[in-house]
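Report on the structure given below.
In the numbering used here, the protein residues as written are 11 to 233.
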């Protein structure tokens, strides 16, 4: 039985200026990774060393890209665009202040604080070669931060608790397809790759994955 409309889908409906409640959500499994990077573009960099600016402050740019998406389709419609994304950034090792949070295109966000990404996009993020930029943060640290780790919190996904099967899948991020492809109710999960600032030692860049892939769930086909 399909669950009622989720928080994530509510963000999409705000974007489309639609107040109907006919949409329902389907958990589709993991397809992709959120990669955290100190650079933008094709060469993503998850590790950075930086000194203070002489005033006891360190400022870094951090980007979140949705990448490594397999090309999929449902009922003959290819998955080509993203209407909404949900995840929450975690900063550990030092206190970081998010001074700016910018999204890749016109959006409506219902996140309650910087770092809590719960956003719908109009007309939708395009997926080019399985990758798209979602958000750019500017983050400030006082002093000389060491061993800072940026990660995603799987327990902060409000939409997951309201989508049947999602909690068992244990994703770290969520996204949904766009209405143009009739995929607004398709809720996909994503794993992530952490980022490290002024890390002493060998950072672990092993992707953290959800428990279920889109192949396990079987609602979408490869294309």
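The beta-carbon is built from N, C-alpha and C at its ideal position, and this holds for glycine as well.
Proximity of residue i and residue j at Cβ, strictly below 9 angstroms
i	j	result
residue 41	residue 200	yes
residue 46	residue 202	yes
residue 145	residue 114	yes
residue 138	residue 208	no
residue 98	residue 125	yes
residue 51	residue 225	no
Pairwise C-alpha distance: residue j and residue i
i	j	result
residue 232	residue 143	23 angstroms
residue 217	residue 49	18 angstroms
residue 150	residue 128	22 angstroms
residue 141	residue 161	19 angstroms
residue 190	residue 81	17 angstroms
residue 58	residue 86	43 angstroms
residue 69	residue 61	9 angstroms
residue 155	residue 210	11 angstroms
residue 169	residue 147	23 angstroms
residue 89	residue 159	32 angstroms
residue 35	residue 213	37 angstroms
residue 166	residue 64	36 angstroms
residue 171	residue 53	34 angstroms
residue 121	residue 192	25 angstroms
residue 123	residue 74	17 angstroms
Residue i, buried or exposed, once every other Cβ within 10 Å from all chains shown has been counted against 16
i	result
residue 96	buried
residue 179	buried
residue 110	exposed
residue 100	exposed
residue 215	exposed
residue 188	buried
residue 118	buried
residue 134	buried
residue 195	buried
residue 67	exposed
Residues of its chain near residue i, where Cβ-Cβ distance is below 7 angstroms and the 5 sequence neighbours each way are ignored
i	result
residue 185	76, 92, 94, 95, 198 and 200
residue 315	The displayed coordinates of the chain run from 11 to 233. Any statement about residue 315 would go beyond what the structure contains.
residue 164	180, 181 and 182
residue 78	42, 43 and 140
residue 152	66 and 67
residue 219	40 and 201
Cutoff 6 angstroms; reference residue i; Cβ partners in own chain excluding five residues on either side
i	result
residue 107	150
residue 221	179 and 180
residue 84	230
residue 102	159
residue 112	146
Close-in-space but distant-in-sequence residues of the same chain around residue i (CB under 8 angstroms, 5 per side omitted)
i	result
residue 223	39, 40 and 41
residue 56	45, 46, 47, 48, 203, 204, 205, 206, 213 and 215
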